[in-house]
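Chains as they are written, first to last, in the UniProt record's numbering: chain A, 1 to 449; chain B, 1 to 255. Even for Gly, the Cβ is constructed at its ideal location relative to N, Cα and C. Please read all numbers here as calculations on a predicted model, not as lab measurements. The structure appears below as structure tokens.
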Amino acid sequence: MPDPTATEEASQVQAPFESWGRYPTYGAKLLPLHWQSDFPALTADLHNGALPVGMGRSYGDVCLLKDGNLLVTTAMNRLINFDAETGLLTAEAGVTLAQILDFAVPRGFFLPVSPGTKYVTLGGAIANDIHGKNHHTAGTFGCHIAQLELVRSDGSHMICSPTENPEFYSATIGGLGLTGVITWATLRLKPIVSRKIDYEGIQFHGIDEFLDLTNQAHDVEYTVSWVDVTSTGRNFARGVFMQGDHSTKKDDLKPSPKPKLVFPFEAPGFALNALSVSLFNTAFFHKQIHKRVVAVQDYEPFFYPLDKVLRWNRMYGKRGLLQFQYVIPWEHAKEGTIAILHEVAKSGLASFLAVLKAFGDAPSPGMMSFPKPGITLALDFPIKPDKSFPLFQRLADMTLEFGGRLYPAKDAAMTAPQFQAFYPQWQHFAQYRDPLLTSSFWERVTQNS
Amino acid sequence: MSTTPHTTTTPRKILVLGATSGIAEATCRIWAFQGASLFLVARNAEKLAAVAADLKTRGASYVDTAVADLDDTDQHPALLAHAVNSLTGMDIAYLAHGILGDQIEAERDFNTAAQILHTNFVAPVSLLTWLANFCVQRRAGTIAVISSVAGDRGRKSNYLYGSSKAGLSAFLGGLRNRVDREGVTVLTIKPGPVKTAMTANMPKSEKFADVESVAESIVSAIDKRKDILYVPFQWQPIMFIIRNIPERIFKKLNL
Ligand SMILES: Cc1cc2nc3c(=O)[nH]c(=O)nc-3n(C[C@H](O)[C@H](O)[C@H](O)COP(=O)(O)OP(=O)(O)OC[C@H]3O[C@@H](n4cnc5c(N)ncnc54)[C@H](O)[C@@H]3O)c2cc1C
Chain A
1 MPDPTATEEA SQVQAPFESW GRYPTYGAKL LPLHWQSDFP ALTADLHNGA
51 LPVGMGRSYG DVCLLKDGNL LVTTAMNRLI NFDAETGLLT AEAGVTLAQI
101 LDFAVPRGFF LPVSPGTKYV TLGGAIANDI HGKNHHTAGT FGCHIAQLEL
151 VRSDGSHMIC SPTENPEFYS ATIGGLGLTG VITWATLRLK PIVSRKIDYE
201 GIQFHGIDEF LDLTNQAHDV EYTVSWVDVT STGRNFARGV FMQGDHSTKK
251 DDLKPSPKPK LVFPFEAPGF ALNALSVSLF NTAFFHKQIH KRVVAVQDYE
301 PFFYPLDKVL RWNRMYGKRG LLQFQYVIPW EHAKEGTIAI LHEVAKSGLA
351 SFLAVLKAFG DAPSPGMMSF PKPGITLALD FPIKPDKSFP LFQRLADMTL
401 EFGGRLYPAK DAAMTAPQFQ AFYPQWQHFA QYRDPLLTSS FWERVTQNS
Chain B
1 MSTTPHTTTT PRKILVLGAT SGIAEATCRI WAFQGASLFL VARNAEKLAA
51 VAADLKTRGA SYVDTAVADL DDTDQHPALL AHAVNSLTGM DIAYLAHGIL
101 GDQIEAERDF NTAAQILHTN FVAPVSLLTW LANFCVQRRA GTIAVISSVA
151 GDRGRKSNYL YGSSKAGLSA FLGGLRNRVD REGVTVLTIK PGPVKTAMTA
201 NMPKSEKFAD VESVAESIVS AIDKRKDILY VPFQWQPIMF IIRNIPERIF
251 KKLNL
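In structure tokens:
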């Protein structure tokens with residue numbers, strides 16, 4: 001019988017902690033941080049290094065540490081202060097964006113930047129300096145962090161802001177959890193008067209049409225495109241450009257209902273073959289029957305269409321999935337994107353969800369932040385060892401040739417030379433690392449080979 | 001649960017003993033969202049302050065705290081009187097403190113065993129005596145206490161903890177029998193295993209109850225003036241079976 005009373009502080013256990021891609025998987029000790037004072041107190045005689053983690057919504061190994069200690073922050077999820085005049089919310093780093101929305105929306109506030117899932121923590125959003133559909137109008141998540149507290153393994157506490165300890169502020173935003181544990185942060189929320197989004201979906205054929213739509217929409221707050229990466233010929237790079245603004249018509253600001261669907265089992269390997277994916281892609285494209293669709297939509301399906309089914313990543317079966325997300329600067333953005341889309345289509349390796357977006361000019365505060373002005377494309381492949389990894393390497397090399405870089409939050413396969421070329425500032429960043437903290441990602445991309 | 005952060009009726013006045021425990025904190029978040037007035041007691045000042053700030057931010061109408069070691073029964077009358085004063089009354093008293101203790105150590109050393117019995121049984125009896133008399137005098141109030149399914153039958157892996165909770169459950173049964181006719185409700189809460197931060201990201205984690213849904217069940221059991229709550233509810237039939245395994249078989253099991 002499991003112990004019915006294990007609700008109080010629990011001791012450490014050896015267990016797998018999965019990232020969203022479910023690849024790679026490593027054993028690690030899980031140490032929950034319940035209280036801000038638990039770090040570094042609980043790590044006093046730890047060996048093999050440690051890494052703070054949130055919801056494990058990164059796809060690869062930035063949130064893993066093989067045979068090390070994972071400091072699970074999700075129980076450290078208290079709110080500390082909220083100022084309804086300024087929209088400044090101070091909260092512990094383990095609070096999720098879903099929990100922030102439940103709190104903020106009924107009070108007329110919304111996240112300044114939101115990724116494609118709300119099940120990520122405040123700390124995780126900072127450590128990957130995540131971006132959303134409003135990158136071109138709002139910059140990254142880190143742009144809205146007024147201050148944060150960083151606790152180091154030597155026990156020192158630092159308030160970091162653009163003016164206080166600015167170098168640690170810059171190293172910690174996008175710092176991949178390596179500079180210390182973020183215990184709390186102050187986030188600037190934005191006012192809303194409705195849950196609704198004024199939505200418009202527009203079909204496009206090819207990158208030129210995508211770029212035209214992007215230019216026309218530079219005043220629209222949110223833009224993102226879904227692109228069909230399975231079609232060639234006449235249908236090459238067809239897609240749906242989706243744009244939206246928060247509705248300005250006052251409406252009921254009730255909290256979201258709880259999700260009920262959980263993807264029930266691991267799909268067998270054959271479920272996601274190239275045929276089913278291309279059928280899905282065709283269906284998605286034609287779901288939007290008209291060239292242009294205008295609608296008023298709740299924010300949940302607009303921002304988090306995938307959150308409706310919890311743990312949908314199981315659809316990819318046991319081997320998991322590989323993500324690939326690049327940004328290529330404007331100079332080569334168009335040719336690079338076309339070349340990479342051709343390479344993907346040619347490979348016949350299916351990608352369910354390919355998301356295309358133009359990043360804006362707002363500089364990221366993070367030293368290691370991924371976004372820069374240009375085009376970003378995110379793809380995923382079910383893992384077929386003999387095919388997925390060679391394709392990934394070809395795409396990574398092409399990205400490098402076009403002057404782009406890959407997103408560590410979505411990576412499980414870039415090589416050390418690739419990473420060091422994508423992020424030449426990495427050695428400077430390494431000076432701010434906490435000596436106790438490391439990740440499987442960091443070990444992989446900094447090894448000299 | 002209402003959909004707006006604040007209800008219009010006068011806020012409920014709730015005393016929480018052991019407010020920094022995971023289940024208590026989750027329960028308090030629901031009450032804070034409803035706009036309740038809370039008086040929180042816990043041993044660790046820093047943790048208590050973090051919980052209080054959270055509940056205040058989430059919408060509690062009023063939050064006051066006291067740092068106390070509830071093992072010290074001499075302090076109970078003054079502490080409880082102060083709490084009731086601060087809240088200007090009391091609609092609900094929620095006892096959520098307790099320790100798991102070290103079973104192995106307790107098998108060797110009676111002092112460890114006595115400590116578990118003191119914290120989980122003797123100290124609550126002291127608190128409940130005062131609280132029950134306070135409620136009886138007013139002919140109103142709900143007393144909700146976290147016991148455990150472990151109190152339903154002793155087993156070798158944690159019978160000290162189990163027997164302390166068995167004593168507590170028996171005490172609550174008797175107390176309910178006494179005060180129900182005086183308009184006072186006593187709720188015995190028997191939780192099963194609850195998901196923690198540690199188990200949350202494990203592959204099979206959805207088999208455990210998460211602390212938010214446990215808290216919701218507790219709030220609703222209090223609102224419905226229930227007597228006994230197994231939470232999650234599946235533990236009621238499970239414990240029925242476990243209680244009814246013949247001793248000659250049970251004594252051979254590894255539970
Ligand atoms: C469906 C889906 C859609 C997504 N869409 C987007 C998107 O649109 N844009 C985007 O940018 N990303 C997107 N992501 C990726 C996701 O937003 C990031 O990986 C995010 O960082 C995950 O947060 P987490 O809480 O799960 O952190 P984890 O994945 O657990 O950890 C991420 C990093 O944060 C560090 N970290 C966590 N907590 C702390 C702390 N308290 N202190 C210091 N470091 C810490 C970890 O060490 C690790 O390096 C998406 C992911 C999914 C699954």
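- Not one heavy atom of ligand 1 sits closer than 8 Å to the Cβ of A/HIS286.
- The way I'd put it, the region 66 to 84 of chain B does touch the region 116 to 132 of chain B; three or more beta-carbon pairs between them come closer than 8 Å.
- Using a CB distance cut-off of 9 Å, B/ASP54 counts as an interface residue toward chain A.
- By the Cβ rule, the region 360 to 368 of chain A does not count as touching the region 291 to 298 of chain A, because fewer than three pairs are nearer than 8 Å.
- Between A/ASP228 and A/GLY239, the gap from beta carbon to beta carbon is short of 9 Å.
- Proximity of the beta carbon of A/PHE441 to ligand 1 is indicated: a heavy atom of the ligand is located closer than 8 Å.
- For the pair A/ALA421 and A/PHE370, the CB atoms are not nearer than the 9 Å cut-off.
- In chain order, TRP35, GLN36, SER37 make up the part of chain A whose C-beta sits under 9 Å from the C-beta of B/GLU46.
- For A/ASP251 and A/SER225, the gap between their C-alpha atoms comes out near 27 Å.
- For a cut-off of 8 Å, the C-beta gap from A/THR74 to A/GLY49 is around 20 Å, too long to register as a contact.
- Inter-residue distance for A/GLN427 and A/ARG433 is about 10 Å (C-alpha atoms, whole angstroms).
- With a minimum length of 3 residues, the unbroken runs of beta strand (DSSP E) contained wholly in the region 53 to 118 of chain A fall at 69 to 72, 79 to 83, 88 to 92.
- Chain-order list of chain B residues neighbouring A/ILE80: ALA50, ALA53, ASP54, THR57, by C-beta distance under 9 Å.
- With a threshold of 16 other beta carbon atoms within 10 Å, A/THR248 falls short and is exposed.
- In this structure A/ILE126 does not touch A/GLU149 by the C-beta definition: roughly 11 Å separates them, more than the 8 Å allowed.
- Every unbroken stretch of the alpha helix (DSSP H) spanning 4 or more residues and falling wholly within the region 358 to 410 of chain A is given here in chain order: 385 to 401.
- Taking a Cβ-Cβ cut-off of 9 Å, A/PHE241 has no neighbours in chain B, whose nearest Cβ is about 35 Å from it.
- A residue is called buried when at least 16 other Cβ atoms come within 10 angstroms of its Cβ; A/THR232 does not meet this threshold and is exposed.
- For A/HIS135, the enclosing alpha helix (DSSP H) starts and ends at 135 to 138.
- Annotation: B/ILE249 to B/ASP71 spans about 37 Å, alpha carbon to alpha carbon.
- In the three-state scheme derived from DSSP, where H, G and I count as helix and E and B as strand, A/TYR222 is classed as strand.
- Residue pairing by DSSP places A/GLN418 in no beta bridge whatsoever.
- Among the residues facing chain A, B/GLY22 is included, as its CB has a counterpart in that chain under 9 Å away.
- Under the 9 Å criterion on CB atoms, A/ALA358 is classed as non-interfacial with respect to chain B.
- Nearest C-alpha to A/PHE419 among A/PRO301, A/LEU437, A/ARG444, A/SER439: A/ARG444.
- Assigned with DSSP and collapsed to three states, B/GLU46 falls in helix.
- Per DSSP, B/TYR159 is not a residue of any beta strand (DSSP E); the alpha helix (DSSP H) it occupies stretches across 159 to 179.
- Nearest CB-CB separation between A/ALA44 and chain B: not below the 9 Å threshold.
- Distances from the CB of B/TYR159 to the heavy atoms of ligand 1 are all 8 Å or more.
- The beta carbons of A/LEU187 and B/ASP54 sit about 15 Å from each other, so the pair does not count as a contact at 8 Å.
- An exposed status is given to A/VAL193, since fewer than 16 other beta-carbon atoms sit within 10 Å of its beta-carbon.
- In the structure shown, A/HIS144 adopts helical secondary structure according to DSSP, grouped into three states.
- In this chain, A/ASP228 is not harboured by any beta strand (DSSP E), its DSSP state being neither H nor E.
- Of the heavy atoms belonging to ligand 1, at least one sits nearer than 8 Å to the Cβ of A/ILE182.
- With a threshold of 8 Å, the Cβ atom of A/TRP20 counts as near ligand 1, since some heavy atom of the ligand is closer than that.
- Chain-ordered listing is empty here: chain B has no CB closer than 8 Å to the CB of A/PHE109, the nearest sitting near 12 Å.
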